[in-house]
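Following: one structure in structure tokens, then a few remarks.
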Amino acid sequence: MGEPQWVQFSAQRPKRKRAELACELCHSKKIRCDLQARSTQGHNNCTHCLSSGKDCRPRTSKRDKARQVADDRLLNPLTPPGDIDSHNFDTNAFQSEPVGTDLDIEIPPALTHLSSVNIYQPSLPVACVNPPATESPQQAFERASVVSNDTSQNWRASESGTNRYVVDPGFLQVYGPENADDARNQSILARKAPNFLDESQPDLQQSFVETYFEYCYTWCPVLDRSSLSADLARSPLLANALALVGTHIQPPMLPHAGPAYYYDRARMRFYDDEEPDLITCLKAVSLFYWWSPRPPSVVHRHSSWWWVSVVIKHCQQAGYHRESETDLAVPEVDLGLRRRIWWTAFARERLTAICQGKPCVIDPDDCNIPEPTLADFSESEDGGKAEVFIYWVRLCAIIGRIAKYLSRSSNDASSSFPVHHGRELINWVRSLPPHLQLPINSNHTTNFNRDVHLLHLPYLTIIIVLHLKRTSSQSLPQALPPATLAATCLARILKDVLVRSGTRYLMGITCWYCGMAFIALLQASQTEHLRLGADADLDILTLAVKQLKSMWATANVFEQGFERLRGKRKSPSTSSEGPGLADLTGDRVNDPQLSTKEVDMHDGIDWMDYFPFVTAQTSVVANQILAQQNANLFSFDNFGDTSLSHFQDLFEGLDSWTDPKLFV
């Protein structure tokens, strides 16, 4: 190996910058203060104040008001440097304070790939205020990966960790190439200078409150109207978290900072322990669920999994998962609020477990907290939304048990179909009161209820997951009739949403719902009598994902996957791009008339019991399936007592699915 090359600096040096942080005592005596340097080491006083026993009070600079913005954007030590890209920092807002930009740097050939680096100047971390005059290429590379717009550098910075972390969204292996590409392409996005009103402006804040109660309260009932105004006035953390929700779901047309800005401010305040009240912290962090700037293709601390886990751990540390007789002395509204916070985190954690192949964090055997009831909600709130939340929590509990069962049985060839879980799902859908039943039994939905429609999305998706099977690790899952019928019902729900011109209230996990339905309908499109209806449903799913792109970065992964998989359907099996769809799905025996075994009942379960809301008018695919079912043409081929042997690949590859070579 040759001698290492070094980045050479000319003799010209930038003008020394004034310290951004100094104490009042040192400033008054005109002596050098090292408070800024010591703060990076965890100290809250300077050497002079420490030696003299004085109270070290930081001095607020009056030279440049723009530094107040910079102070809000100091890099949090709990967030890895690579996460800076999620904040979309604005560099133009800091031009009033020039930083040394007249460095004459000679970059050796080995570092020419860093020539496109845009040095991130505003609000530099304290530790980097006085960088060394020289640094090795390796040091320059590591520092540049923090601030580079070069996407390959960001990928290299995270690539070393992809084999150490378990990031496997179950059947998302189907969209592995797109997920790997997205992991490479996550980068810092430039954003225009924010021309916004203060988040405390009453009109803006009132619109955020209305947005929350209209679109979010059903799935996150952690705020109460009676106390919200006082809570927002007292807690900047909660105010910024609510502004995040409001600007992301229904952005006002007045100038405002945007969700990334509010998220960054709220996150900083949370990590800095600025909010002393635990309940208020849990409320605010629960609202972070509506902001996920990057998909889980790489490990980062901005994902829903991360923030849900933060809420769960804080609740467990405070003992909210268990209730005793002494807790009954707490005012009822507070006890009900604690339950709502806990069950919100519980339901989200169960959904993420099945979606991303994560282990369930909460063990129900460790908890004795009662299930949510209407008594846990304020009388001033909408009872219908509270009722939907209660049934949603019950459904998510079933989904969590299914996720745990499949993850622990995936390598057991003798495992049977989880009949007891299938019955749990049937009992759940039958237990719904009439006003919460899915109204898709006609061609058009005349009594559209947004919350009822969204309540059935995870229900239909888990039916799809239960009735997808594989024959080899290289093939796509094969959809059984219940999966196909559930997928067309899911597409019908999204169609009802799209015709009403509203998708921004859909949560990020809706991308995964679309992805699972796409797998089932893609196979149905290979069957002659289902092709027309299946193609129409696939178009609905594709359009929904395109709309979700404006909200959730994960939608990009699915959109690219949809294009690739539909393209393979049109290409021959011998295409140079890889196997065609027939090879991937095993559709050589796709015609149901080729079936050799007809099974309408599975261990006492009639799979049509999953769908009490389905009629021939629900969709074209539903009409065909019902007709075929009446003619006894659909079956569960080879789906007998050892059916779960086909699920051996469901949770396999948990340690390596992010490897791009896995899907070549």
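So the sequence shown is residues 1 to 664, counted in the UniProt record's numbering.
Glycine residues also receive a C-beta, built at the ideal position from the N, C-alpha and C atoms.
- A distance below 8 angstroms separates the beta carbons of GLY400 and ALA353.
- Within the DSSP bridge table, the entry for LEU468 names ALA479 as partners.
- Residue environment analysis places LYS469 among the buried positions, since at least 16 neighbouring C-beta atoms fall within 10 angstroms of its C-beta.
- In terms of Cα proximity to VAL310, the closest of LEU287, LEU328, THR47 and ASP327 is LEU287.
- In this structure, the straight-line span from the alpha carbon of PHE208 to that of TYR263 is close to 14 angstroms.
- Ranked by how close their Cα comes to the Cα of ILE463, the residues LEU337, ALA517 and ASP273 have ALA517 in first place.
- With respect to LEU532, ALA524 sits apart: the two C-beta atoms are not nearer than 8 angstroms.
- The Cβ atoms of LEU541 and ALA491 sit closer than 8 angstroms to each other.
- With contacts defined by Cβ atoms closer than 8 angstroms, GLU528 and VAL545 do not form a contacting pair.
- The C-beta distance from ALA553 to PRO293 rounds to 6 angstroms, short enough to fall under 8 angstroms.
- Between ALA534 and VAL621, the C-beta spacing is below 8 angstroms.
- The beta carbon of ASP496 is closer than 7 angstroms to those of THR445, PHE448 and HIS453 in its chain, skipping five residues each way along the sequence.
- Taking 8 angstroms as the upper bound for CB-CB distance, LEU237 and ALA284 are in contact here, some 5 angstroms apart.
- Under the criterion of beta carbons closer than 8 angstroms, ILE362 and GLU381 do not qualify as touching, at roughly 25 angstroms.
- C-alpha of ILE341 to C-alpha of PRO221: approximately 7 angstroms in a straight line.
- Within the model, the alpha-carbon separation for ARG423 versus GLN201 is close to 51 angstroms.
- Excluding five sequence positions before and after GLN617, the CB atoms of its chain that fall closer than 7 angstroms to its own CB belong to ASN441, SER442 and ASN443, given in chain order.
- For MET253, no alpha helix (DSSP H) encloses it, and the DSSP letter there is neither H nor E.
- Taking C-alpha positions only, MET268 is separated from ARG322 by approximately 30 angstroms.
- With respect to the 8 angstroms criterion, LEU457 and THR373 are not classified as neighbours on the basis of their beta carbons.
- In the structure shown, the three-state DSSP call for CYS23 is strand.
- Annotation for ILE519: PHE171, VAL174, LEU468, LEU476, PRO477 and ALA479 place their beta carbon closer than 7 angstroms to its own, counting only its chain and skipping 5 residues before and after.
- The straight-line gap separating the alpha-carbon atoms of GLU325 and LEU335 is approximately 12 angstroms.
- Within its own chain, the residues whose Cβ lies closer than 6 angstroms to the Cβ of LEU538, once the five positions on either side in sequence are excluded, are LEU521, listed in chain order.
- Per DSSP, ARG57 lies in no alpha helix (DSSP H) segment and is marked neither H nor E.
- Excluding its 5 nearest sequence neighbours in each direction, ILE31 has no C-beta neighbour in its own chain below 6 angstroms.
- TYR271 counts as exposed, since fewer than 16 other C-beta atoms from the protein chains shown sit within 10 angstroms of its C-beta.
- Around the beta carbon of VAL298, 16 or more other beta carbons sit within 10 angstroms, so the residue counts as buried.
- PHE611 carries a coil assignment under DSSP once its states are collapsed to helix, strand and coil.
- If you look at ILE399, you'll find it in the alpha helix (DSSP H) that goes 383 to 409.
- The C-alpha of LEU395 is placed about 29 angstroms away from the C-alpha of SER226.
- Annotation: HIS248 to CYS355 spans about 23 angstroms, alpha carbon to alpha carbon.
- Counting other Cβ atoms within 10 Å of its Cβ, PRO433 stays below 16 and is therefore classed as exposed.
- ASP327 and LEU242 have their C-alpha atoms spaced approximately 29 angstroms apart.
- Nearest neighbour of ALA536 by Cα position, chosen from TRP512, ALA487 and ARG564, turns out to be ALA487.
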